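Okay, so here's the structure we're looking at.
2 protein chains.
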Amino acid sequence: MDAERAYCPVHEAIQVLQEKWTMHIVRALLDGPLGFNELGRAVGGCNPATLKVRLDHLENLGLLRRTVHSQMPPRTSYELAPAGVDLQRVIDAIGAWAREHLDAASVDDQEPTAAVG
Amino acid sequence: MDAERAYCPVHEAIQVLQEKWTMHIVRALLDGPLGFNELGRAVGGCNPATLKVRLDHLENLGLLRRTVHSQMPPRTSYELAPAGVDLQRVIDAIGAWAREHLDAASVDDQEPTAAVG
DNA sequence: ATAAAGTGCTATAGTTTGTCAAGTAAGACG
DNA sequence: CGTCTTACTTGACAAACTATAGCACTTTAT
Chain A
591 MDAERAYCPV HEAIQVLQEK WTMHIVRALL DGPLGFNELG RAVGGCNPAT LKVRLDHLEN
651 LGLLRRTVHS QMPPRTSYEL APAGVDLQRV IDAIGAWARE HLDAASVDDQ EPTAAVG
Chain B
591 MDAERAYCPV HEAIQVLQEK WTMHIVRALL DGPLGFNELG RAVGGCNPAT LKVRLDHLEN
651 LGLLRRTVHS QMPPRTSYEL APAGVDLQRV IDAIGAWARE HLDAASVDDQ EPTAAVG
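Protein sequences, first through last, are from chains A and B.
The end of the first sequence is residue 707 by my numbering, with every number in the run present.
The end of the second sequence is residue 707 by my numbering, with every number in the run present.
Laid out in structure tokens, this is it:
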């Protein structure tokens with residue numbers, strides 16, 4: 591039973607942020623609002639289905655605001671809400687850590703260089 | 591093609607940290623070294639198989655140190671390496687953000703309270 | 001008008017990832 | 001001897017994620 595696990599904000603935050611693509615999405619949006627496909631390209635490698643699910647979740651949580659500018663032609667923009675913008679601190683912390691401790695070659699990419707010989 | 595996407599430390603860091611349970615593991619270990627099952631309990635809800643995979647990855651990355659004290663009875667301890675300890679900043683940033691912006695009820699848990707009526 | 005390329009978003013099927021439950025080996029305790 | 005603990009493995013399975021295609025519609029070019 592984890593029912594006794596008292597409510598812990600850090601735990602909850604991690605639950606949200608550890609979802610695949612979520613931090614990438616936030617980071618991309620930190621530079622300014624983007625459209626759906628645009629965001630998809632900025633994030634790099636996330637497919638529309640997953641992107642939609644994440645975006646819905648983030649909007650639900652109040653980290654994101656979705657604005658429909660025109661239905662036809664479709665023109666939507668996704669923008670961080672104040673709560674989302676404040677994640678800048680987290681991304682910055684990650685950035686600082688990464689620059690200090692992460693080097694290429696230590697992280698194994700998704701693309702394992704395929705055949706070599 | 592993401593080949594042109596120049597190496598970006600933040601991106602790499604996010605790739606690592608977004609893996610399910612990774613941040614929970616780091617957070618648990620920030621309080622001091624733990625044994626395998628002990629860590630599993632501290633993380634809360636991660637099964638041994640996944641835990642082992644994450645631990646191996648983290649050790650590989652140099653964020654974690656694994657020390658075998660005795661093989662039989664098995665006694666192992668997992669402890670953050672300096673690079674791992676420095677993630678304290680990231681966890682702190684998440685904590686600060688969470689306390690400011692996250693409230694119970696806004697986050698839908700993995701466990702939807704089951705039957706209610 | 002036709003064709004190509006763009007928009008936000010959805011549906012389907014297939015792959016990857018994570019989960020559960022059980023099992024292994026060895027010692028301490030009763 | 002049987003039970004409990006430890007670390008970790010294995011195999012079957014479910015959930016999550018992905019690729020690919022498509023929809024309704026616009027713009028641009030021919």
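Just so you know, even glycine gets a beta-carbon here, dropped at the ideal spot from N, CA and C.
Nothing here was measured: the structure is a model prediction, and the numbers come from that model.
For this session: Just mark A/E690 as buried or exposed, buried being the case when its beta carbon has 16 or more other beta carbons within 10 Å.
Result: exposed
Exercise. Where B/G635 and A/T657 are concerned, what is the direct C-alpha to C-alpha distance, given to the nearest angstrom?
Worked result: 37 Å
Exercise. Whole alpha helix (DSSP H) runs in the segment 641-691 of chain B with 4 or more residues, listed along the chain?
Worked result: 672-675, 678-691
Problem set entry | For A/L624, three-class secondary structure by DSSP | strand
Problem set entry | Residue-chain proximity (A/G622, chain B), Cβ-Cβ < 8 Å | no
Problem set entry | For A/E649, the nearest candidate out of A/L692, A/V675, A/R631, A/V633 (CA to CA) | A/V675
Exercise. Ends of the alpha helix (DSSP H) at B/E609?
Worked result: Segment: none, B/E609 is in no alpha helix (DSSP H) and carries neither H nor E.
Problem set entry | B/G630 at chain A interface by Cβ criterion, 8 Å | no
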